[in-house]
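**Student:** First residue of the sequence shown? That's -9 in the working numbering, and the numbers climb one at a time after it. Ideal placement from N, C-alpha and C gives every residue a C-beta, glycine not left out. Since this is a predicted model, take the numbers as computed values, not measurements. Structure below; questions to follow.
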Amino acid sequence: MSRPPSFKALPKHIAVIMDGNGRWATARGLKRSDGHREGAVAIDKLMDSALSLGLQSVSLYAFSTENWKRPILEIRAIFDLLIEFIDSRLDSIHEKGIQIKHSGSRSKIPKSALASIDKAVAKTSKNRKLIVNFCLNYGSQDEILTAMNRLLEDRKMRGKPLDEKIKSKEFEKYLYTYPLSPVDLLIRTAGEERISNFLLWQIAYAEVYFTDTLWPDFGEVALWEALRSYEKRIRKFGGL
Ligand code: FPP
C-alpha cells in the first residue's frame, strides 16, 4: 500500500457498482466464479484504501434483487464467496476498526450466508473507522417500498394517524442504509453507464464516475483517479 496523495475534497460516502467480474474471467479463459473471487480481492484493496484515506462509508453492490435471474451455480458461488470472505477476514476487519453493515432484504438469502453477515455485523457494530455496507439482495425500488410499508406499520402500532404527511427525515429512518449519510460519489466499473436500481434515494446529489476498468482490476490507483475527478466537481445541491 502506498501513501495516498492529498485531495482538495474527499467524499464521505462512496458507493460502487462492481461490474465486470464475468468479462475479466472470460478474457482469461476462466470461469465467471473466478472473476467474482478476484472481485473479492478488489474489495479487500478498496477497504484498505478507504481506511488510509479516512473515508467514512463505502457501499458495495454485491448482489441485486435482479441477480436471482442468474444461473443457480453462479448465485451459489457468490454467496459461498461472501461466507469465505467474512470467515477468513473478520478478525482483521475488526482489528482495523471497520464496521460491517448489510443493506437489502433478508428473504431468499441462504441461511449460512445470513449467519455470516449477522456475525460480522454484531462483532463490528461498535467500530467507527470505516463502515463497509454490503448491499446484498438489494434493490432500490424494494428498499423504498419496504420502507414505506414499515413506516405505516409502525404508525399503526403506535396509534399515529396514517394520513399524516410523511417527511423525508422520518422516511429515511426506514431505509436499509440508515443511518448512513447520502452518497457523495457513485462509481461504476466496466464501462456500463447506468444505475441498475442502486441507492436511488441516496444518490440524489451524488457525483457519478464511470470507468472502463473491470472491477477485479480496480485498485488503489483507479480509486485515486476517481477521487481526482471528484475533487474537481462543483457541488451545488440545487443552489448556485
Ligand atoms: C458484476 O459483475 C458483479 C456481481 C453481480 C457480483 C459482485 C460480487 C463480487 C464483487 C464478489 C463477491 C464477493 C463478496 C465478498 C460478496 P458481472 O458478473 O455482471 O460481470 P460481467 O458484466 O462482466 O458479466
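1. Is it true that the CB of L43 sits closer than 9 Å to the CB of L0?
2. What's the C-alpha gap between E210 and S54?
3. Please determine whether the Cβ atom of D202 lies at a distance below 8 Å from any heavy atom of ligand 1.
4. Given a threshold of 16 other Cβ atoms within 10 Å of its Cβ, counted over all protein chains shown, does Y168 qualify as buried or as exposed?
5. Does the beta-carbon distance from A196 to A5 come in below 9 Å?
6. Taking contact to mean 3 or more Cβ pairs, one atom from each stretch, closer than 8 Å, check whether the stretch 176 to 188 and the stretch 148 to 162 are in contact.
7. On the premise that A216 lies in contact with I177, defined as a C-beta separation below 8 Å, what is that separation, rounded to the nearest angstrom?
8. Is any heavy atom of ligand 1 found at a distance shorter than 8 Å from the C-beta of N11?
9. Measure the alpha-carbon distance for R96 versus R18 and round it to whole angstroms.
10. Using C-beta distances below 6 Å, list every residue in its chain close to D34, excluding the 5 sequence neighbours before and after it, in chain order.
11. Starting from Q46, follow the alpha helix (DSSP H) in both directions and report where the run begins and ends.
**Tutor:** So, from the data block:
1. A distance below 9 Å separates the beta carbons of L0 and L43.
2. Between E210 and S54, the alpha-carbon positions lie close to 25 Å from each other.
3. No, ligand 1 has no heavy atom inside 8 Å of this Cβ.
4. Looking at its Cβ environment, which holds fewer than 16 other Cβ atoms inside 10 Å, Y168 is exposed.
5. Yes, they are a contact pair.
6. With the cut-off at 8 Å, the stretch 176 to 188 and the stretch 148 to 162 do not touch.
7. Confirmed, Cβ separation roughly 5 Å.
8. Between ligand 1 and N11, a heavy atom-to-CB distance of less than 8 Å is present.
9. Annotation: R96 to R18 spans about 34 Å, alpha carbon to alpha carbon.
10. Contacts found: none.
11. Segment: none, Q46 is in no alpha helix (DSSP H) and carries neither H nor E.
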